Amino acid sequence: MLLKWIVFAPLIGAIINGLFGRLFLARLGQRATEKLVGFIACASVGVSAALAFRVFLDLLRLPEGQRRIPEHLFTWLKVGSFQADFAYLLDPLSGVYILFITGVGLLIHIYAAGYMHGDPGYYRFFSYLNLFMFMMLTLVLADNLLLLFVGWEGVGLCSYLLIGYYIKWDVAGSAAKKAFVMNRIGDFGFMIATFLVFTTFGTISFVAKTINGQEVQSFLAQAASSPAVAAGTFTAIALLFFVGATGKSAQIPLFTWLPDAMAGPTPVSALIHAATMVTAGVYLVARCSPVYLKSPTAMAVVAVIGAATAIFAATIGIAQNDIKKVLAYSTVSQLGYMFLACGVGAFVAGIFHVMTHAFFKALLFLGSGSVIHGMNNEQDMRRMGGLKKYMQITYSTMFVGWLAISGFPLMAGFFSKDEILWRTWSTEALPHNWGKALWVVGAITAVITAVYMTRLMVMTFWGRERFTDTRDSHHAGAGHASGGHGDAHGHHGRPHESGWLMTVPLIILAILSIFGGYVGVPAALSMGRPNYFERFLKESVAQSEPATATHAGAPPAAVMAQSESHGATPAPESHGAGATAGATAGATAQTAHEGGHDVVTERLFTAISSALALLGLAFGLVFFKRNTLWRAPKLLEDKYRVDEFYDATVVGPVETLSRDGLWKVVDVKIIDGLVNGVARLFAALAGALRYTQTGFARNYAAVILLGAIIVIGYFIVSIFGIRINI
Amino acid sequence: MEFSHILFLGLAALAVVAAFNVILQRNPIYSAIGLIVVLGSLAALFLTLSAQFIAAMQIIVYAGAIMVLFVFVIMLLNVRAEETRMDKQKYLKWLAAPLFLALLAEVMTVVRYVNLTPQPLQSANGAANPQGVLGTVENIAFGMFTDYLIPFEAASILILMAIVGSMLLARREQKEDVERIEKALIRQQEEEQKYEEEVAV
Amino acid sequence: MVPLSWYLALSAVLFTIGVVGVLIQRNVISLFMCVELMLNAVNISLIAFSRLHADVTGQLFVFIVMAVAAAEAAVGLAIIIALFRSRETLNVDDADLLKL
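This is the structure in C-alpha cells:
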C-alpha cells in the first residue's frame, strides 16, 4: 500500500507549489520562496525515493519467481468485458525503474534548486518537474496499458511544459510544440496497438484479473503461451508499440525533437531527455517482450532501427558545436543501443543500459549545465577551453562521465554496452548474419561515441582558453543561450565553479557511474558469480537466449518465469554463458551446459569492446588536441538536413493544406458562408416582407377584408358543403 | 305582393342607393347627406320590426346628433371636394368590386340556409296589438334597468371618457403644452449626450 | 309578413357597401362615415334577430351600440381635427408614418 504514496508524493508537491507558489513569491520574496519551493519539491521526491527503496527491499525479500506486489486503488473503467483498473504493479522491472527514476530524479531536483536560482518562475518550474515525476512513476508502476498510457501522455505534456519553460523565447515554444506533436504521432501507434491487444487477448492488463467472475490472464502470459493467435497480429502489435516508442524515445524517424528540446533548462534536459522520459519507450518494449518474441519480423525491425539510429546520431554528434546538442545526439545514439538490445532479444541488457545510461548521461548533462552556468550562459564549445583549472569538481565528475559513456573498462557503461554488443553478435532471434552485421554497426558507433565525447572534453576543459578571444563572448552567447536564465552573477570575465547544491549531485552521480555497473557483470567475467541483474529481472522480462554450441539451429526460447499461469517455480540456474532457463508452459529451454566455447567467445568480445573504447579515446585525444576547432563536413553539421526534409515533405504540405484548403475554403467559404448565408436569407426574407407594412390604413383594411372573406368562406364550405348557389 | 313587402322593398332600395351615394361622392357634405337618408330609411325599417324606441333613438341620436356633428366638423375644417390628386393605392379601386361580390355571396349563402321563422309575439299585459309590444319604451326600460344594468352604466362611463377625450384631443395647442413638449425634448437631448460621452469613455 | 331573411340580406348589402367604401374613399371624414354605415347595417340585423326571437335583448344591444357609436364619432372626429391641424390634409394616405 505504499506504492500509491510513491506516485502521489510528487503530485502533492506539484500541487502545493503550483497553487501557492505565486502567493509565496508575493509574500516572501524571491530568496525565501526559492528555499521554500525548492524544499517542498525535493522533499516530495525524497519521500518518493525513500519509499521506493523501502518497497524495493520488500520486493527482494520475496522468493524468486514470486516477486510481485500489486496494489489496487479502484476499478477505473469497466465496460462489458473491458476492465482497466487504477492499480499499480511492483515487479523487478518496475522496481528497477522506480529506483533510478526517484534516485536520479532527487539528485536532479537538488541540482535544479541551485541551477534555477534567480529565475522568477521558480515555483512554476518545480511544480512542473514534480508533476513530471508523478506522471513518470504512474507510467512505470501501472498495471495495465491504459494507466500506462495516462502516464505516457502525462510525461509528454510535462515535457512540453518544461521545454517551453522560458515562455518568452520563441525558439523554446516551437521546440516544445515539435516535441509534443512528434510524441503524438507515436501515441497514435500506441493506441492502435492497445486496441489490437484488447481485441486479440481480451485484456490490457499486465496482471491476471477477475473480470465478470472469470479469471483472465494478463495479455503477456497469453502471448507467451497461446499458439492460437496469428503471427501477423503479434507483428502488428509489436510494430505499433514500437512506433509509440520511436516517438517517445527519439528513434528514427521521430527523433528530431530531442536536439531541439535542449532549449529547455538543463536540469530538464537531464531528467527528461536523458534519464527518464526517453527510456519510457524501452520500458514499454521490455514490458511487452513476450509479444515481441513471438514476432521475429518486429524484432528485426526494432534492432535495425535501433542500430541505424545509433550510428546516425553518433555521426551527427561529432559535428555539433553546442555542448548540449552533442549530448542530445549522444542520448539518441545510446537509445538506439537500447533498442538494438531489445531487438536481438536481450531485453534485460537493454534495461541494464537504461540504468547505467541514466547515471552517466544525467551526470554529463548536469555537468554541462554547471559549465554553462559557470560560463555565464555560454553554450558554444568553440568559445570554451581550458576550464579545467576553473571548475575542478565539474571537471573531475565529467571526466568520470566521459569514461563511462565511452565504455572505458570497468566503468558502468562498459558492462552494459559490452553486454549489448555481445548479445547482438550472438543472437539467435534474427537471421544469422544479421546479428553480426549489427554488431559491426554497434562497434563502429562505440568508437564514434568515444571520439565525440573526447572532442567535447578536449574542447571544453583542456587546451587553450578561448573564451577571452572575443571581447563580447557574452553577447555572442546571448543569442544561443537559454533565454530567461536569470543571471544573478553579473558579468564575469572568468568562469567559476558552481555552488554545493549543484556539485554534490554531480559527485554522487559520478560514484554511481563508476560502481553502478557492477550489479550486472555477466557471468563470463565474474569468475562464477551469476549476473545478479539479469537474474533479478528475468522473471518480469522475457529473453531470447544467445547462441550456444549445443543450440546451434535451435529456435530461441522465450523464457519468462513469472509464475502466473501455472504457479511453478523456475528451475535452478546453471552457471553458464548466460544460458539459464525457467520452466514455461511450452518452450523447452533447459540448458545446463557449462559453456566452453561461449565463455571464451564472450571474453574475447569483451576485450574487443575495451579495445574499441580505448581506440576511440586515443584517436580523439590525439586528433582533437591538435585540431581543436576542426570543422566537420557540412552535411553532418546540418544534421543531414532531416529537419528540412520533414519540413518540405510533411510540414509544408500540411500547412498548405490547412491554410489554403481547410481555412480559406472550408472555414471561410463553406462554414462561414453557410452561417452568414442563413442570416442573409432571413434578411432577404425580411426585406421582402417589409413591403407589406406600407403605413396606409386602406391597405390594412383591404387585407383584413380579404382575410375575413377567406375565413368566412372556409366556414361556409365546411358547414354547408360545397354548394354555392347565389 | 303585400303592402308590407312593397314598403320594405322601397325603403331598402332607398337605403341602398343612399349608401352607394355615401361611398361614391367626392364631396363629404354629399356623403353626409346620403348617410342621413340611410339612417332615416333604416329608422322606418326598425318600425316595421316593432322597434319603436330604437327607431326614435336612431333619428334623434344618430341622424340628429352624430350626423350634425359630422357636418359641423366638415364645415369647421372647410373641406372641399377632393382635388384630383394622384391616388397612391390605385389598385384598391379595382379590388373593391370583386371583394364586394365575394362578401355578398358569402353572406347570402348563409342567409339562405338559416331557419328564420319568427316566433309569435307575446303581449305584455294583454294589450290590444301584440305586434307592437316588443319595442315599447316600457319593454326596453324593463330589460335595461334590470338584467342589463351594467352595460348601461358602462356605456355611460364610456360616454364620459369620450367627452373628456374629444375635448382634449381637439383643443388648440396651448402655450403650456408647447413649453412642456420643448422641455421634454431638451431633456431627451441631454440624456443622449450623456450616454454618448459614457460610451466614448 | 316580410321574410326575415330579406332584412338580413339588406344588412349584408349595406355592410358590404360600407366595407368597400372604406377601401375606396380617400377623404378621412368620408371614411368615417362609411364606418358608421357598417354599424348601422349591423344594427338592422340585430333588430331583425330580436324580432325573430321575440326578445328585447337585441334592441338593448342596439341601444348600447348606438351609444358607443356616438362616443366613437365624437372622439374620432376630435382626432381628425387634431390630425388636420398638424398636417393640413384630410387625405388618409398622408398619414403613413407607420411605413417601414
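Chains as they are written, first to last, in this note's numbering: chain A, 1 to 726; chain B, 1001 to 1201; chain C, 2001 to 2100. Cβ coordinates follow ideal geometry from the N, Cα and C atoms, glycine included. These numbers were taken from a predicted model, which means no experiment stands behind them.
By the C-beta criterion, the segment 370-379 of chain A is judged to be in contact with the segment 496-504 of chain A, since at least 3 inter-stretch pairs fall below 8 angstroms. For the C-beta of C:Leu2023, the chain A residues within less than 8 angstroms are, from N- to C-terminus, Arg698, Ala701, Ala702, Leu705. By the neighbour-count criterion, in which a residue is buried when 16 or more other Cβ atoms sit within 10 angstroms of its Cβ, B:His1005 is exposed. For A:Phe720, the nearest beta carbon of chain B is closer than 8 angstroms to its own beta carbon.
Counting the other Cβ atoms within 10 Å of the Cβ of A:Trp663 gives fewer than 16, which makes it exposed. One finds Arg698, Ala702 in chain A with Cβ atoms closer than 7 angstroms to the Cβ of B:Leu1092, taken in chain order.
The shortest CA-to-CA distance from A:Met135 to any of A:Arg54, A:Thr276, A:Ala236 is the one to A:Thr276. The Cβ-Cβ distance between A:Ser249 and A:Thr279 falls below 8 angstroms.
Interface flag for B:Gln1089 against chain C is set, since a Cβ pair is found closer than 8 angstroms.
A:Glu655: member of the alpha helix (DSSP H) spanning 652-656, first to last residue.
Here A:Asp638 carries a coil assignment [DSSP, helix/strand/coil]. Going by DSSP, A:Ile670 is part of no alpha helix (DSSP H) at all; its letter is neither H nor E. Of all C-beta pairs linking the segment 304-321 of chain A to the segment 242-260 of chain A, three or more are shorter than 8 angstroms, placing the two stretches in contact. In the structure shown, A:Pro70 adopts extended strand secondary structure according to DSSP, grouped into three states. According to the DSSP secondary-structure assignment, A:Phe82 is paired through a beta bridge with A:Val79. Contact annotation, A:Gly95 with A:Phe56: C-beta distance approximately 5 angstroms; criterion of less than 8 angstroms satisfied. The three-state secondary structure of A:Lys35, taken from DSSP, is helix. Straight across, the Cα-Cα distance linking C:Arg2051 with C:Val2075 is about 32 angstroms. The straight-line gap separating the alpha-carbon atoms of A:Leu147 and A:Ser48 is approximately 19 angstroms.
The beta carbon of C:Leu2083 sits no closer than 8 angstroms to any beta carbon of chain A. The C-beta of B:Leu1047 comes no closer than 8 angstroms to any C-beta of chain C. Proximity of C:Leu2097 to chain B, defined by a Cβ-Cβ separation below 8 angstroms, is not satisfied.
Assigned with DSSP and collapsed to three states, B:Asn1021 falls in helix. Contact check for C:Tyr2007 against C:Ala2048 passes: the beta carbons are separated by less than 8 angstroms.
Residues of the segment 1102-1114 of chain B with a C-beta atom less than 9 angstroms from some C-beta of chain A are Ala1102, Leu1103, Leu1104, Ala1105, Glu1106, Val1107, Met1108, Thr1109, Val1110, Arg1112, Tyr1113, listed in chain order.
Unbroken alpha helix (DSSP H) stretches of 4 residues or longer found wholly inside the segment 73-161 of chain A: 92-115, 122-141, given in chain order. In the same chain as B:Ala1044, and ignoring 5 residues on each side of it, the C-beta atoms closer than 7 angstroms to its own belong to Leu1011, in chain order.
Between the alpha carbons of A:Phe20 and A:Ala32 lies a distance of about 14 angstroms. Annotation: A:Ala618 to A:Leu403 spans about 12 angstroms, alpha carbon to alpha carbon.
For C:Ile2044, the CB contacts under 8 angstroms within the same chain, skipping 5 residues up- and downstream, are Tyr2007, Leu2010, Ser2011, Leu2014 in chain order. If you look at B:Gln1189, you'll find it in the alpha helix (DSSP H) that goes 1175-1200. A:Phe312 is the residue among A:Thr424, A:Gly385, A:Phe312 whose C-alpha sits nearest the C-alpha of A:Leu635. Against chain C, a Cβ distance below 9 angstroms from B:Ile1033 picks out nothing, because the smallest value is about 10 angstroms. When Cβ-Cβ separations below 8 angstroms define contact, A:Gly281 makes no contact with chain B.
Pairing A:Ile671 with B:Glu1106 gives a Cβ-Cβ distance that is not under 8 angstroms.
Spanning the alpha carbons of A:Tyr165 and A:Pro265 requires a straight line of approximately 8 angstroms.
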